[in-house]
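A.B. asks:
In my numbering, the protein residues as written are 20 to 449.
(1) For residue 258, tell me which candidate among 177, 219, 92, 110 has the shortest Cα-Cα distance.
(2) What do you get for residue 74, buried or exposed, if any count of 16 or more other CB atoms within 10 angstroms of its CB means buried?
(3) Just curious, the alpha helix (DSSP H) that residue 223 is in, first and last residue?
(4) Quick one: Cα of residue 360 to Cα of residue 116, how far?
(5) Determine contact between the region 291-308 and the region 318-331, defined as no fewer than three beta-carbon pairs at a distance below 8 Å.
(6) Which whole-angstrom value describes the C-beta separation of residue 198 and residue 264, a residue pair presumed to lie in contact below a C-beta threshold of 8 Å?
(7) In whole angstroms, what is the alpha-carbon distance linking residue 186 and residue 207?
(8) Tell me the rounded alpha-carbon separation between residue 161 and residue 364.
(9) In chain order, what residues of the same chain have a beta carbon less than 8 Å from the beta carbon of residue 168, not counting five sequence neighbours either side?
(10) Tell me which residue opens and which closes the alpha helix (DSSP H) that residue 275 is part of.
(11) Express the C-alpha separation of residue 67 and residue 100 in angstroms, rounding to a whole number.
(12) Grouping DSSP H, G and I as helix and E and B as strand, with all else coil, what is residue 321?
(13) Among the candidates 415, 338, 261, 370, whose CA atom is the shortest distance from the CA of residue 195?
(14) Smallest Cα separation from residue 102: which of 296, 89, 70?
(15) Counting only runs that start and end within the region 109-193, where is the alpha helix (DSSP H) found for 4 or more residues in a row?
(16) Can you tell which of 107, 97, 335 has its C-alpha closest to the C-alpha of residue 127?
(17) Identify the continuous alpha helix (DSSP H) that holds residue 8 and give its terminal residues.
(18) Nearest to residue 375 by alpha carbon, out of 353, 345, 356?
(19) Kindly indicate which residue of 372, 148, 399, 232 has the alpha-carbon position closest to the one of residue 329.
(20) Taking the C-alpha atoms as reference points, what is the distance between residue 120 and residue 111?
(21) Does the separation of the CB atoms of residue 145 and residue 368 fall below 8 Å?
(22) Looking at the structure shown, is residue 369 part of a helix, part of a strand, or coil, going by DSSP?
(23) DSSP three-state label for residue 335, please.
(24) Please report how far the alpha carbon of residue 269 lies from the alpha carbon of residue 211, in whole angstroms.
(25) If you compare alpha carbons, which of 340, 310, 333, 409 is closest to residue 386?
(26) My output table needs one value for residue 260: the three-state DSSP class, helix, strand or coil.
(27) Can you check which of these residues, 225, 203, 215, 343, is closest to residue 275 by C-alpha distance?
(28) Whole angstroms is fine: what's the gap from residue 284's alpha carbon to residue 294's?
(29) In whole angstroms, what is the alpha-carbon distance linking residue 288 and residue 104?
(30) How is residue 253 classed by DSSP in three states: helix, strand or coil?
(31) Can you tell me whether residue 442 is buried or exposed? The criterion is at least 16 other CB atoms within 10 Å of its CB, across all chains shown.
(32) Classify residue 243 as helix, strand or coil using the three-state DSSP reduction.
(33) Leaving out the 5 sequence neighbours to the left and right, which residues in its chain are closer than 7 Å to residue 64 when beta-carbon positions are compared?
(34) Cα separation between residue 253 and residue 229?
(35) Please state whether DSSP places residue 385 in a helix, a strand or coil.
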């Protein structure tokens, strides 16, 4: 008897419908890369690099190399810190991320150093002047009846404060219109002469302050025979402020989009109206910054004021006659004295000078407003009121025209109906 082996058929080889199909492996979702904010690995790498850099600097300055000095130790520590931090970051990230982390650390370090230096200057000045600042007479009296040996309860810097405000007001009255007009000329009327003016302005930026004082002294006092006064000092300060304001305002005006001026000119506006209503309002905040930069340069000048305004210990509010003193010049004369009370007055006057600069900066920021495209609530309400007035004016202008057109159309329709010939009914009416 022959046993026939049964071959498996195709139906037997096919999987049963009751059998569950094999599931495909589920891929994990893509995790977006975190590009901002500190991470745990980043903080650990930063701390580890700082400690390792400190160890390297200690080994180099104490054991391996004959180095010495606190500045060299700090520079070596920071260089080793950056190198180790780049290596630790490269273990987890690519080259682009390493460069980004290292440059971010360098920028944060630079910002921290600048802020620390500013805080030290302001704090040291205020701390040294703490003995003079609490006295009320320090802000209301002058030094006419006070001497170097008098206590801080006698005398003050009222004459220097008034003189500084008068001089800077004169300088601003001269510098702001001339500086902004020159910047607009350089920006809106390019040509050979504008390039020549720009070259002169850049050269005047590096002009020493003593040269400006000598020029005003030679022309105003020696040439015209005028006396030393606050007016002459204001002219000397304006010479120092003018190139700063022109250059800063020129850079700001270059940032105004050309499409704005092109749109205004396409609507038929002349060049002066485009500049007055489009360019200057758009760059208003930047122009305020330019004026502040020039003011900060001019308000701290000493040598031009000494040559052109002289020195006095009494209060003089007339800028056209008599010598006048400013806060920087008063600080210079106070700190030269070996008496502690005079030195305290000098540092107190320096603290007041910094406060005046801060107040002027705040005022300029309020006048300048925000950047282009950003309005305060008051400006937004003013713009909405102006828009409503424009809509009402346009509606009042179009209403009589529309009524007149309707009357003319009715009259034409009536005349046409009266002059219309009788209708022709064809041959059936004959």
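Just so it is clear, CB atoms sit at the ideal spot from N, CA and C, and this is done for glycine as well.
The model shown is predicted, which means the values in this text are computed figures rather than measured ones.
C.D. replies: Quick look at the numbers:
(1) If you number the chain shown from 1, residue 258 lands on position 239. Answer by Cα proximity: 219.
(2) Residue numbering aside, residue 74 sits at position 55 when the chain shown is read from its first letter. Looking at its Cβ environment, which holds fewer than 16 other Cβ atoms inside 10 Å, residue 74 is exposed.
(3) Residue mapping note: residue 223 aligns to position 204 of the chain shown, counting from 1. Segment 211-224, the alpha helix (DSSP H) holding residue 223.
(4) Here residue 360 is taken as the residue at index 341 of the chain shown, counted from 1. Here residue 116 is taken as the residue at index 97 of the chain shown, counted from 1. Going by the C-alpha atoms only, they are around 56 Å apart.
(5) no
(6) Counting from one through the chain shown, the residue named residue 198 turns up at place 179. Counting from one through the chain shown, the residue named residue 264 turns up at place 245. Their Cβ separation, rounded to whole angstroms, is 3 Å, which keeps residue 198 and residue 264 in contact under 8 Å.
(7) Taking the chain shown and counting its residues from 1, one reaches residue 186 at position 167. Taking the chain shown and counting its residues from 1, one reaches residue 207 at position 188. Going by the C-alpha atoms only, they are around 31 Å apart.
(8) As a first step, residue 161 must be located in the chain shown, where it is residue number 142. As a first step, residue 364 must be located in the chain shown, where it is residue number 345. Distance between the alpha carbons of residue 161 and residue 364: 12 Å.
(9) Your numbering for residue 168 matches position 149 in the chain shown. 358, 360, listed in sequence order.
(10) Counted from its first residue, the chain shown places residue 275 at position 256. Element bounds for residue 275: n/a, residue is neither H nor E.
(11) The residue given as residue 100 occupies position 81 in the chain shown. The residue given as residue 67 occupies position 48 in the chain shown. For residue 100 and residue 67, the distance between alpha carbons rounds to 9 Å.
(12) Taking the chain shown and counting its residues from 1, the one referred to as residue 321 is at position 302. Three-state result, residue 321: coil.
(13) The residue you call residue 195 lines up with position 176 of the chain shown. Of 415, 338, 261, 370, the residue nearest in Cα terms is 261.
(14) Working through the chain shown from its first residue, we reach residue 102 at position 83. Here the closest residue by C-alpha is 70.
(15) 114-147, 156-159
(16) Within the chain shown, residue 127 is the residue found at index 108, counting from 1. Closest option to residue 127, Cα to Cα, is 97.
(17) Given that the chain is displayed from residue 20 to residue 449, the structure contains no residue 8 and the question cannot be resolved.
(18) In the chain shown, the residue the question calls residue 375 occupies position 356. For residue 375, the nearest C-alpha among the options comes from 345.
(19) Within the chain shown, numbered from 1, the residue matching residue 329 stands at position 310. Cα-wise, what sits closest to residue 329 is 232.
(20) Along the chain shown, read from residue 1 onward, the residue named residue 120 stands at position 101. Along the chain shown, read from residue 1 onward, the residue named residue 111 stands at position 92. Straight-line Cα distance between these residues: approximately 12 Å.
(21) As a working note, residue 145 is residue 126 in the chain shown. As a working note, residue 368 is residue 349 in the chain shown. The answer is no: Cβ separation not under 8 Å.
(22) The count along the chain shown starts at 1 and reaches residue 369 at position 350. Here residue 369 sits in helix by DSSP.
(23) Here the question's residue 335 lines up with position 316 in the chain shown. If DSSP states are grouped into helix, strand and coil, residue 335 belongs with coil.
(24) Along the chain shown, one-based indexing puts residue 269 at 250. Along the chain shown, one-based indexing puts residue 211 at 192. Their backbone Cα atoms lie some 16 Å apart in a straight line.
(25) By one-based count along the chain shown, residue 386 stands at place 367. The candidate whose alpha carbon is nearest that of residue 386 is 310.
(26) For the purposes of this step, residue 260 is taken as residue 241 along the chain shown, with counting starting at 1. Residue state, collapsed to three classes: helix.
(27) Residue 275 sits at position 256 when you count from the first residue of the chain shown. Among 225, 203, 215, 343, the Cα nearest to that of residue 275 belongs to 203.
(28) Looking up residue 284 in the chain shown gives position 265. Looking up residue 294 in the chain shown gives position 275. Rounded to the nearest angstrom, the two C-alpha atoms are 10 Å apart.
(29) Looking up residue 288 in the chain shown gives position 269. Looking up residue 104 in the chain shown gives position 85. Rounded to the nearest angstrom, the two C-alpha atoms are 58 Å apart.
(30) Stepping through the chain shown from its first residue, residue 253 is reached at position 234. In the structure shown, residue 253 sits in a helix (DSSP, three-state: H, G or I).
(31) If you number the chain shown from 1, residue 442 lands on position 423. Note that residue 442 scores 46 on pLDDT, short of 50, meaning its location in the model is unreliable; the coordinates nonetheless yield the value given after this. Exposed, since its Cβ has fewer than 16 Cβ neighbours within 10 Å.
(32) Locating residue 243 in the chain shown gives position 224, where the first residue counts as 1. DSSP places residue 243 in coil when its eight states are reduced to three.
(33) Indexing the chain shown from 1 puts residue 64 at position 45. Cβ within range, chain order: 104, 107, 108.
(34) As a first step, residue 253 is located in the chain shown; it is residue number 234 there, counting from the start. As a first step, residue 229 is located in the chain shown; it is residue number 210 there, counting from the start. Cα-Cα distance, rounded: 14 Å.
(35) Within the chain shown, residue 385 is the residue found at index 366, counting from 1. If DSSP states are grouped into helix, strand and coil, residue 385 belongs with the helices.
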